[in-house]
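Asks:
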Amino acid sequence: MKEMLIILFSAILVDNFVLSKFLGICPFLGVSTNLKSAMGMSLAVISVIEIATALTWPIFYFLLEPNNLSYMQTVIFILVIAALVQIIETILKKSIPSLYRALGVYLPLITTNCAVLGVTVLNITKSYNFLQSMVNSLGAGVGFMLAMFLFAGVRSKVDHADVPKALKGLPITLISASLVSLSFFGFKGLIEKLFA
Amino acid sequence: MNMLYALTAAAPSVALPIIIITVLSLALGIAIVIIAKMFALPVDQRFDDVRAILPGANCGACGYSGCDGYAHALADNQEPNAGKCPVGGPDVAQDLASYLGMEPPSFTIEVAQVMCQGTVEHTKKRFEYSGTLTCTAAHGLFSGPNSCTYGCIGFGDCAVACPYGAISVENGIAYVDRDRCTACGICVKTCPKSLIYIIPKRLNTYAVKCRNKWPGAQTRKNCSIGCIGCKKCYNVCEFGAITMDGPLAVIDQTKCTQCGKCLVVCPTHAIAKGLMSYEEIHGLPTKAQEQVQAKTAG
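Line by line, the protein sequences are chains A and B. Read in order, the letters of the first sequence correspond to residues 1 to 196 in this note's numbering. Read in order, the letters of the second sequence correspond to residues 197 to 494 in this note's numbering.
(1) Got a sec? Which residues, its chain only, sit under 7 Å from A547(B) by beta carbon, not counting five neighbours each side?
(2) What in chain B is Cβ-close to T90(A), meaning under 7 Å?
(3) Which residues mark the beginning and the end of the beta strand (DSSP E) in which Q309(B) is found?
(4) Return the first residue and the last residue of the beta strand (DSSP E) that V180(A) is part of.
(5) Consult DSSP for N342(B) and reduce its assignment to one of helix, strand or coil.
(6) Can you give, in chain order, each stretch of the alpha helix (DSSP H) that sits fully within the stretch 118-176 of chain A and has at least 4 residues?
(7) Using beta carbons (cut-off 8 Å, strictly below), is I124(A) in contact with chain D?
(8) Is there a Cβ from chain B that is less than 8 Å from the Cβ of N67(A)?
(9) Write down every uninterrupted run of the alpha helix (DSSP H) in the stretch 346-376 of chain B whose length is 4 residues or greater and which is fully enclosed by it, in chain order.
(10) Report the rounded CA-to-CA distance for I110(A) versus S37(A), giving the unit in angstroms.
(11) Alpha carbons only, please: which of L222(B), V219(B), G412(B) and V288(B) is nearest the one belonging to D245(B)?
(12) Helix, strand or coil for T386(B) per DSSP?
(13) Go to Y260(B), then tell me how far its beta strand (DSSP E) extends in each direction, as first and last residue.
(14) Can you tell me whether Y100(A) is helix, strand or coil according to DSSP?
(15) Who are the neighbours of A227(B) on chain A, taking C-beta pairs under 8 Å?
(16) Note down, in chain order, every chain A residue with its Cβ under 8 Å from the Cβ of L212(B).
(17) To the nearest angstrom, report how far apart S176(A) and K21(A) are at their CA atoms.
(18) Would you kindly check if the distance between the Cβ of I467(B) and the Cβ of L459(B) is under 8 Å?
(19) With DSSP collapsed to three states, give me the class of A468(B).
(20) Would you please verify whether the beta carbon of I110(A) is less than 8 Å from any beta carbon of chain B?
(21) Is Y346(B) near K389(B), with beta carbons less than 8 Å apart?
(22) For the alpha helix (DSSP H) holding P286(B), just list the boundary residues, first then last.
(23) Determine, using beta carbons only, whether A232(B) and A379(B) come nearer to each other than 8 Å.
(24) Between the stretch 148-166 of chain A and chain B, which residues of the former have a C-beta closer than 9 Å to a C-beta of the latter?
(25) Quick one, which of L64(A), N113(A), L5(A) and L194(A) has its alpha-carbon nearest S209(B)'s?
(26) Between Y360(B), M234(B) and G425(B), which lies nearest to A445(B) when the distance is taken from Cα to Cα?
(27) Give the DSSP bridge partners of A445(B), in chain order.
(28) Nearest to R247(B) by CA position, among V219(B), C255(B), C263(B) and Y360(B), is which residue?
(29) So, does the CB of V80(A) fall closer than 8 Å to a CB anywhere in chain B?
(30) Using three-state DSSP, classify I231(B) as helix, strand or coil.
(31) Which of helix, strand or coil does DSSP assign to P282(B)?
(32) Are there three or more Cβ pairs, one per stretch, closer than 8 Å when the stretch 178-190 of chain A is compared with the stretch 37-54 of chain A?
(33) Would you say L63(A) faces chain B, with C-beta separation under 8 Å as the test?
(34) May I ask you to list, following chain order, the residues of the stretch 237-269 of chain B that have a beta carbon less than 8 Å from some beta carbon of chain A?
(35) Is it the case that the stretch 52-71 of chain A contacts the stretch 146-162 of chain A, given that we only count it when at least three CB pairs across the two stretches are under 8 Å?
(36) Determine the contact status of D353(B) and T332(B), defining contact as a CB-CB distance below 8 Å.
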């Protein structure tokens, strides 16, 4: 149990996928303009990550590794994730059209989202078992959500700030993203002490 | 199948990955198809039909992002006016209205016009301009090289912007080809002098083809065909269609009855009729043609 908590919280805080590993920056910058679509995007990412892990872990350990095909992991994982996103997009379009429209182009972008692929690959390289992988994926997803929410808040402040003309728009967004990212370095070493 | 056996026998290490990928792709593909069928959305046939009726110029003159935007608004019943597409003209408006079951829209055919007649014969150059040959750049440098700082610069930003090739620059000012112009309004936004206006396309449309706001004397000095603000047309108009915007007469096209009195009294020929120039109306050779004739004679 303690081990699971360590995995969960280090994935959320210490090894935050967006702010410490710098994965999934594209939706992080693109959809964090308002809280509502940030929420939707995070939920979509969490569900895609979870389902992707649940599918890729067995595929790797029951299909690829016994046949000495570990080198095919990237190709197969991308295939699975792309298909998953397609399915989720179809379901969202029908069930929650407003969310579908709010996410816009960023939903198909999850297909090539390095955060999703990164989590599934890291689960294998860290040789987690199935349960650990699922917990790690959940942590990654929640970490993504946390980063999105924090940054959406920062952005709403930046929008009203008097920014120098040359830095307006994307430049100031990237600068504030780096500052938020800096703050996450404060979590280094926290988890081990917490559960020690 | 024979090929697969041959492959398996020849290179078993290649066959297995191929089989795995094929099977996995097939399974995922089938899953996608099943989900897509389960969550199929009813396709809006109206949108496709409306989109097909629209001309597809995507110029945005209707006020929407393009033909798709307008078609969406029409198909979703958010837009009650079927006559917003100037490119398609009355035919498209009629088709749209009958397809969507709306009132037939009243559609006035419009055309863009450059409100300046200050050709090289009528104006002078204040200085030689040798910068970037666009109106916007020239406008930024002391409002352009022409003696009239309100007039057409004639580098043809509008001609470049026009998606229909309807604008050409002759004798230093831009002309709109009446037959090609669809009144989409892109040139109106492009002109740095805001000289281009959309007016009703009638052979007897009267327009003050000048936009300068100088006092009459200064206008006289700089352009021989500009509006000098003498108010003669203002006083002669019985319908109140002409208003004075400072020292500049402006004709309200909605009030104008095309009686033609203003054209007669205008001392500088700043008022043009039927979207034609002064010389065209009176059947006179233009100054450019005269010069050519003089050269050939001499």
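Cβ atoms here follow ideal geometry from the backbone N, Cα and C, with glycine treated the same way.
Replies: According to the structure data:
(1) This structure gives no information on residue 547(B), because the portion of chain B shown stretches from 197 to 494.
(2) Within the first sequence, the letter at position 90 stands for residue 90(A). Those within 7 Å of T90(A) in chain B are I231, A232 and F235.
(3) The count along the second sequence starts at 1 and reaches residue 309(B) at position 113. Bounds of the beta strand (DSSP E) holding Q309(B) are E306 to V310.
(4) Here residue 180(A) corresponds to residue number 180 of the first sequence, with the count starting at 1. Annotation for V180(A): no beta strand (DSSP E) segment contains it, though the alpha helix (DSSP H) segment containing it runs L170 to F184.
(5) Sequence index remark: in the second sequence, residue 342(B) carries index 146 (1-based). N342(B) carries a strand assignment under DSSP once its states are collapsed to helix, strand and coil.
(6) Taking only runs of at least 4 residues, the alpha helix (DSSP H) segments lying wholly in the stretch 118-176 of chain A are 130-159.
(7) No chain D appears in the structure shown, which is made up of the protein chains A and B.
(8) For the purposes of this step, residue 67(A) is identified with residue 67 of the first sequence, where counting begins at 1. Chain B contact via Cβ: present.
(9) List check, alpha helix (DSSP H) in window: 353-357.
(10) Translated into positions along the first sequence, residue 110(A) becomes position 110. Translated into positions along the first sequence, residue 37(A) becomes position 37. C-alpha of I110(A) to C-alpha of S37(A): approximately 14 Å in a straight line.
(11) In the second sequence, counting from the first residue as 1, residue 245(B) sits at position 49. Here the closest residue by C-alpha is V288(B).
(12) Along the second sequence, one-based indexing puts residue 386(B) at 190. In the three-state scheme derived from DSSP, where H, G and I count as helix and E and B as strand, T386(B) is classed as helix.
(13) In the second sequence, counting from the first residue as 1, residue 260(B) sits at position 64. Boundaries for Y260(B): no beta strand (DSSP E) harbours it, and the DSSP string shows neither H nor E there.
(14) In the first sequence, the residue the question calls residue 100(A) occupies position 100. Note: Y100(A) maps to helix in three-state DSSP.
(15) Within the second sequence, the letter at position 31 stands for residue 227(B). Chain A residues near A227(B): A83 and I87.
(16) For the purposes of this step, residue 212(B) is taken as residue 16 along the second sequence, with counting starting at 1. Per Cβ cutoff of 8 Å: N67 and L69.
(17) Indexing the first sequence from 1 puts residue 176(A) at position 176. Indexing the first sequence from 1 puts residue 21(A) at position 21. Rounded to the nearest whole angstrom, the C-alpha separation of S176(A) and K21(A) is 17 Å.
(18) For the purposes of this step, residue 459(B) is taken as the residue at position 263 of the second sequence. For the purposes of this step, residue 467(B) is taken as the residue at position 271 of the second sequence. Yes, Cβ-Cβ distance for L459(B) and I467(B) is below 8 Å.
(19) Along the second sequence, one-based indexing puts residue 468(B) at 272. When DSSP states are grouped into helix, strand and coil, A468(B) belongs to the strand group.
(20) Within the first sequence, numbered from 1, the residue matching residue 110(A) stands at position 110. No, because no Cβ of chain B sits closer than 8 Å to the Cβ of I110(A).
(21) Indexing the second sequence from 1 puts residue 346(B) at position 150. Indexing the second sequence from 1 puts residue 389(B) at position 193. Cβ distance < 8 Å, so Y346(B) and K389(B) count as in contact.
(22) Within the second sequence, residue 286(B) is the residue found at index 90, counting from 1. For P286(B), the enclosing alpha helix (DSSP H) has its first and last residue at G285 to L296.
(23) One-based indexing of the second sequence puts residue 232(B) at position 36. One-based indexing of the second sequence puts residue 379(B) at position 183. In this structure, A379(B) does not lie closer than 8 Å to A232(B) by Cβ.
(24) Listed in sequence order: no entries.
(25) By 1-based counting over the second sequence, the position of residue 209(B) is 13. It is L64(A) whose Cα lies nearest to the Cα of S209(B).
(26) The residue given as residue 445(B) occupies position 249 in the second sequence. Of the listed residues, the one whose Cα sits closest to A445(B) is G425(B).
(27) By 1-based counting over the second sequence, the position of residue 445(B) is 249. In DSSP, A445(B) forms a bridge with M440(B).
(28) Within the second sequence, the letter at position 51 stands for residue 247(B). Minimum Cα distance to R247(B) is reached at C263(B).
(29) Taking the first sequence and counting its residues from 1, one reaches residue 80(A) at position 80. Any Cβ of chain B closer than 8 Å to the Cβ of V80(A) would place that residue at the interface, and such an atom is present.
(30) Position 35 of the second sequence, counted from the first residue, corresponds to residue 231(B). It is helical.
(31) Taking the second sequence and counting its residues from 1, the one referred to as residue 282(B) is at position 86. When DSSP states are grouped into helix, strand and coil, P282(B) belongs to the coil group.
(32) At 8 Å Cβ cutoff, the stretches do not touch.
(33) Translated into the one-based positions of the first sequence, residue 63(A) becomes position 63. Taking 8 Å as the CB threshold, L63(A) lines the interface with chain B.
(34) Within the stretch 237-269 of chain B, the qualifying residues are L237.
(35) No, the stretch 146-162 of chain A is not in contact with the stretch 52-71 of chain A.
(36) Your numbering for residue 353(B) matches position 157 in the second sequence. Your numbering for residue 332(B) matches position 136 in the second sequence. In contact: D353(B) and T332(B) (Cβ atoms closer than 8 Å).
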